[in-house]
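Q: Next up is a structure, given as structure tokens.
Residue numbers (the numbering used here): 447 to 722.
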């Protein structure tokens, strides 16, 4: 892991913000798939979600969590630094769980459903569908705040690492964009409006990244970096285990999703080996 954050609006800052923006806007890609593509390639989606989980799990345990321990080692002993990093790690998981717990399952974009369940859910009244789509968009925006910050932090430390994290987040945002766009489209009949709502929900990721950055900038130091790195690792592991891997299996391609996990880990390992 490279050093601490750098000054405002320099090249590294711009690259990190750009990658976070791309990851967030992949919700628009999911909306486009849902609204304009008749045949849903669920096998490819299962593989992609597994791939995303593999990237997130590998980089969390191999790069980001050790980065947290390294930051804490500037303040204390190696043993205490490891304990602090683990506390931050489980704190990040607890925060994400709290956000999930606060949002009901039926509108939670992280409680993904298979194609048959989605089609069945669309057989309700248009007013209910419209409310579901809007509330899902708001819930997704809330979820995307910590994910955007995770992508941004990784990108600030390493452009190569940031690209892989942004790719993983982008893949898993695709079905979430579908979850926002479909109810709104079936309720209003307006593809453009449904598409815009999905896209706007994804913009919460760069907003979350900037909010976290500017709030933490005055407090930068080994302690802040250690907490941020450990928390980010916890967020990514939670998302992988609670959302991505179960969602990949809902499409009926259990082995394909596991192949995706292994492929994601392999690509991440190879890229870190070649680029570091």
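Every residue, glycine too, gets a C-beta built ideally from N, C-alpha and C. Predicted model, so just to flag it, every value in this text is computed and none were measured.
Among the residues of its own chain, which have a CB less than 6 Å from the CB of residue 691, if the five just before and after it don't count?
A: 499
Q: With C-beta atoms as the reference, is residue 535 less than 7 Å away from residue 679?
A: yes
Q: Taking 8 Å as the cut-off, does the region 703-713 touch the region 522-536 (at least 3 CB pairs, one atom from each stretch)?
A: By the Cβ test, the region 522-536 is not in contact with the region 703-713, since fewer than three Cβ pairs between them sit closer than 8 Å.
Q: Looking only at C-alpha atoms, which of 639, 658, 457 and 611 sits nearest to residue 478?
A: 639
Q: Go ahead and pull the three-state DSSP assignment for residue 523.
A: coil
Q: Is residue 596 near residue 681, with beta carbons less than 7 Å apart?
A: yes
Q: By the 10 Å Cβ neighbour count, where 16 or more other Cβ atoms means buried, how is residue 720 classified, buried or exposed?
A: exposed
Q: Considering only C-alpha positions, which residue in the set 667, 457, 517 and 502 is nearest to residue 612?
A: 502
Q: Considering Cα atoms alone, identify which of 461, 473 and 458 is closest to residue 650.
A: 473
Q: Between residue 617 and residue 537, is the Cβ-Cβ spacing less than 7 Å?
A: no
Q: Classify residue 702: buried if its beta carbon has 16 or more other beta carbons within 10 angstroms, exposed otherwise.
A: Residue 702 should be labelled buried.
Q: What are the boundary residues of the alpha helix (DSSP H) that residue 687 is part of?
A: Here residue 687 belongs to no alpha helix (DSSP H), and DSSP marks it neither H nor E.
Q: For residue 518, which residues in the same chain have their Cβ closer than 7 Å to its Cβ, ignoring the five residues on either side in sequence?
A: 527, 530, 531, 668 and 672
Q: Run the CB neighbour count on residue 631, radius 10 Å, all protein chains shown included, and call it buried at 16 or more, exposed below.
A: buried
Q: Could you check what DSSP says for residue 647 in three-state terms: helix, strand or coil?
A: helix
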